[in-house]
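Just below is one structure, and these are the notes that go with it.
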Amino acid sequence: MIEFRGVTKQFPDGTVAVRDVDIVIPPHKTTVFVGSSGSGKTTLLRMINRMVDPSGGQVLIDGTDVATVDPVRLRRGIGYVMQNSGLLPHRKVIDNVATVPMLRGTKKREAHAHALELLDTVGLDRSLADRYPSQLSGGQQQRVGVARGLAVDPNILLMDEPFGAVDPIVRAELQQELLRLQGELGKTVVFVTHDIDEAFLLGDQVVIMQQGGKISQAASPAEILAHPADAFVADFVGADRGKRALHLTEVDGRSIVVDADGRPAGVLTS
Amino acid sequence: MNLFVDALAWLTDPANWTGAGSIPQRIIEHLWISAVVLVIAAAIALPLGGVIGHTGRGREPAVMVSGGLRALPTLGVLTLFALWLGIGLQAPVIALVILAIPPLLAGAYAGFESVDRRTVDAARAVGMREVQIVGKVELPLSLPIVVGGIRSATLQIIATATLAAYVSDFGLGRFIFAGLKTRDYGEMLGGSLLVIILALVVDGGFALTQRLAVPAGVRAARTAENTELRSGPTRPRAVVGRPIIEGNQE
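Sequence lines, in order, name chains A and B. Quick note on UniProt numbering: the first sequence kicks off at 1 and runs consecutively. Quick note on UniProt numbering: the second sequence kicks off at 1 and runs consecutively.
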């Protein structure tokens with residue numbers, strides 16, 4: 001369990017990225033921070049592995065204040081997946097995946113064997129192991145990034161807009177892949193995105209952030225759609241418009257669900 | 001043309017190739033002082049440039065100091081130190097170290113700065129210590145530019161090391177100064193040609209090293225880009241052979 005207690009981040013130049021945030025991230029579930037740029041969502045994520053230290057309040061992992069843990073040790077125990085994969089361009093795929101275990105002292109042979117298994121896990125062919133990141137497609141690079149994040153079998157997996165830079169088709173594929181993985185592995189996933197559809201698809205808990213680093217609402221997707229906390233949330237999720245404002249029409253005795261633009265979205269079955 | 005004939009005659013005279021003060025001995029001396037200077041200057045400038053590039057701090061003073069050092073006339077510095085320290089090799093070594101520091105420093109910090117900050121951030125986020133980030137990420141990725149700095153410094157050292165003979169009996173400069181004194185212009189030009197050839201040969205070696213210093217993954221990226229883009233004149237081969245950027249930033 002990860003807990004933010006009264007967390008604030010003010011940068012030396014006076015900008016407040018996060019203001020007085022209290023939130024509990026339940027274990028073995030996916031929590032998605034969603035908001036536009038400048039809402040402090042990435043800052044919150046990076047506080048979990050101390051890439052950013054809060055200027056006020058505490059971040060606790062299973063009751064331990066992360067400020068009391070050596071940052072390098074902390075980071076080696078937490079998976080991290082970032083946009084643009086963040087792979088080391090001068091190292092082969094297999095070495096990238098094995099990076100963190102080898103930093104923790106695992107023997108090369110063992111780390112490589114495990115890395116190959118991880119390539120299987122994330123749905124990559126083992127023949128890609130000896131390629132360099134630049135020789136892979138964007139989607140493949142992100143999969144390698146996920147494999148690297150899973151390499152130490154961490155309890156927590158942080159994902160900072162991991163699918164932000166790939167095209168929509170690959171993105172949908174990667175999202176499904178993550179759902180499958182999460183179903184198998186049950187990690188505590190903290191995911192950051194600006195895409196509300198992605199948030200609703202992946203999140204057990206969705207945290208909607210607004211400008212200035214404040215939480216507007218933290219709840220399940222259904223709860224948010226049913227009871228948006230305020231006008232900002234209602235507007236952000238588009239509850240009253242577009243493809244979320246659905247109504248029924250009868251066609252030949254069947255109930256067809258139609259969105260606000262009049263496009264059929266599906267059929268209502270019993 | 002006469003001078004060149006004289007120089008050629010001097011160069012091919014077997015008498016100049018054996019014994020004390022012969023051409024091979026002078027070449028070895030020249031390379032020796034160049035290597036000593038390079039090692040000293042690199043020991044000072046490369047760690048300093050690495051720290052500046054890694055932390056992003058102290059860049060402006062470094063640019064200022066290296067710009068200032070560059071403006072110093074080496075002959076003047078040499079004379080100054082020679083008057084202070086006397087005849088011998090100390091004065092030329094110090095003067096040449098001062099000459100070599102700016103390109104080395106610039107190569108080191110420009111190289112480290114050229115590494116994508118997102119790559120460095122990712123390395124930190126997965127749990128690399130700062131030393132590991134420097135050694136395993138920044139150094140290998142910046143190597144072509146760092147080697148470029150070493151290359152340019154070496155070229156300047158070899159060319160300028162002729163001045164060592166101004167205050168000591170050392171290096172290929174001997175032929176130039178001796179030729180000048182005795183009005184033996186064949187010897188003088190012959191000595192100059194030897195320095196030029198030496199510089200070109202060493203530079204060629206560095207050109208090769210610099211190409212080899214490009215990490216395989218980065219080279220692969222470039223090949224991929226080239227085949228994809230086929231963009232003719234704007235082919236991205238920026239890093240290899242790129243001259244040291246200095247003074248014109250910001």
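Even glycine gets a Cβ: it sits at the ideal position worked out from N, Cα and C.
Beta-bridge pairing of residue i - partner residues as DSSP gives them
| i | result |
| --- | --- |
| residue 4 of chain A | A:23 and A:59 |
| residue 191 of chain A | A:32 and A:159 |
| residue 65 of chain A | A:60 |
Pairwise C-alpha distance: residue j and residue i
| i | j | result |
| --- | --- | --- |
| residue 196 of chain B | residue 23 of chain B | 14 angstroms |
| residue 57 of chain A | residue 214 of chain A | 14 angstroms |
| residue 192 of chain B | residue 11 of chain B | 11 angstroms |
| residue 263 of chain A | residue 251 of chain A | 14 angstroms |
| residue 93 of chain B | residue 143 of chain A | 54 angstroms |
| residue 41 of chain A | residue 100 of chain A | 25 angstroms |
| residue 188 of chain A | residue 111 of chain A | 23 angstroms |
| residue 119 of chain B | residue 203 of chain B | 32 angstroms |
| residue 119 of chain A | residue 103 of chain A | 19 angstroms |
| residue 22 of chain A | residue 72 of chain A | 25 angstroms |
| residue 136 of chain A | residue 184 of chain A | 26 angstroms |
| residue 228 of chain A | residue 20 of chain A | 21 angstroms |
| residue 208 of chain B | residue 175 of chain B | 30 angstroms |
| residue 219 of chain B | residue 211 of chain B | 9 angstroms |
| residue 228 of chain B | residue 137 of chain B | Confidence at residue 228 of chain B is low in this model, with a pLDDT of 45, below 50, so the placement of that residue should be treated as unreliable; the coordinate-derived value is given next. Rounded to whole angstroms, residue 228 of chain B to residue 137 of chain B spans 27 angstroms at the Cα level. |
| residue 27 of chain A | residue 150 of chain B | 53 angstroms |
| residue 17 of chain B | residue 25 of chain B | 8 angstroms |
| residue 48 of chain B | residue 159 of chain B | 25 angstroms |
| residue 197 of chain A | residue 206 of chain B | 54 angstroms |
| residue 194 of chain B | residue 187 of chain B | 10 angstroms |
| residue 67 of chain B | residue 50 of chain B | 18 angstroms |
| residue 127 of chain B | residue 69 of chain A | 13 angstroms |
| residue 50 of chain A | residue 75 of chain A | 8 angstroms |
Helix, strand or coil at residue i according to DSSP, with G and I counted as helix
| i | result |
| --- | --- |
| residue 247 of chain A | strand |
| residue 4 of chain B | helix |
| residue 213 of chain B | coil |
| residue 82 of chain A | strand |
| residue 229 of chain B | Residue placement at residue 229 of chain B is flagged as unreliable, the pLDDT there being 43, under the threshold of 50; the coordinate-derived value follows with that caveat. Residue 229 of chain B falls in the helix class under three-state DSSP. |
| residue 171 of chain A | helix |
| residue 183 of chain A | helix |
| residue 142 of chain A | helix |
| residue 22 of chain B | coil |
| residue 200 of chain B | helix |
| residue 107 of chain A | coil |
| residue 91 of chain A | coil |
| residue 51 of chain A | coil |
| residue 206 of chain A | strand |
| residue 132 of chain B | helix |
| residue 258 of chain A | strand |
| residue 264 of chain A | strand |
| residue 16 of chain A | strand |
| residue 87 of chain B | coil |
| residue 275 of chain A | Any answer about residue 275 of chain A is impossible in this case: the structure gives chain A only from 1 up to 270. |
| residue 9 of chain A | strand |
| residue 11 of chain B | helix |
| residue 218 of chain A | strand |
Sub-7 angstroms separation of residue i and residue j beta-carbons
| i | j | result |
| --- | --- | --- |
| residue 157 of chain B | residue 104 of chain B | no |
| residue 213 of chain B | residue 115 of chain B | no |
| residue 54 of chain B | residue 112 of chain B | yes |
| residue 161 of chain A | residue 121 of chain A | no |
| residue 161 of chain B | residue 30 of chain B | yes |
| residue 93 of chain A | residue 131 of chain A | yes |
| residue 172 of chain B | residue 7 of chain B | no |
| residue 44 of chain B | residue 109 of chain B | no |
| residue 7 of chain A | residue 18 of chain A | yes |
| residue 52 of chain A | residue 64 of chain A | no |
| residue 107 of chain B | residue 133 of chain B | no |
| residue 167 of chain B | residue 91 of chain B | yes |
| residue 90 of chain A | residue 139 of chain B | no |
| residue 78 of chain A | residue 2 of chain A | no |
| residue 101 of chain B | residue 69 of chain B | yes |
CB-CB length for residue i against residue j, believed under 8 angstroms
| i | j | result |
| --- | --- | --- |
| residue 248 of chain A | residue 255 of chain A | 5 angstroms |
| residue 216 of chain A | residue 230 of chain A | 6 angstroms |
| residue 218 of chain A | residue 205 of chain A | 6 angstroms |
| residue 170 of chain A | residue 139 of chain A | 4 angstroms |
| residue 145 of chain A | residue 87 of chain A | 6 angstroms |
| residue 54 of chain A | residue 108 of chain A | Actually they do not touch by this definition, with Cβ atoms about 37 angstroms apart. |
| residue 83 of chain A | residue 164 of chain A | 5 angstroms |
| residue 80 of chain A | residue 125 of chain B | 5 angstroms |
| residue 258 of chain A | residue 268 of chain A | At roughly 11 angstroms, the Cβ-Cβ gap does not stay under 8 angstroms, so residue 258 of chain A and residue 268 of chain A are not in contact. |
| residue 158 of chain A | residue 166 of chain A | With 8 angstroms as the limit, residue 158 of chain A and residue 166 of chain A do not qualify as a contact, their Cβ atoms being about 18 angstroms apart. |
| residue 221 of chain B | residue 134 of chain A | 3 angstroms |
Within chain E, partners of residue i - CB distance below 7 angstroms
| i | result |
| --- | --- |
| residue 221 of chain A | Of the protein chains in the structure, A and B, none is chain E. |
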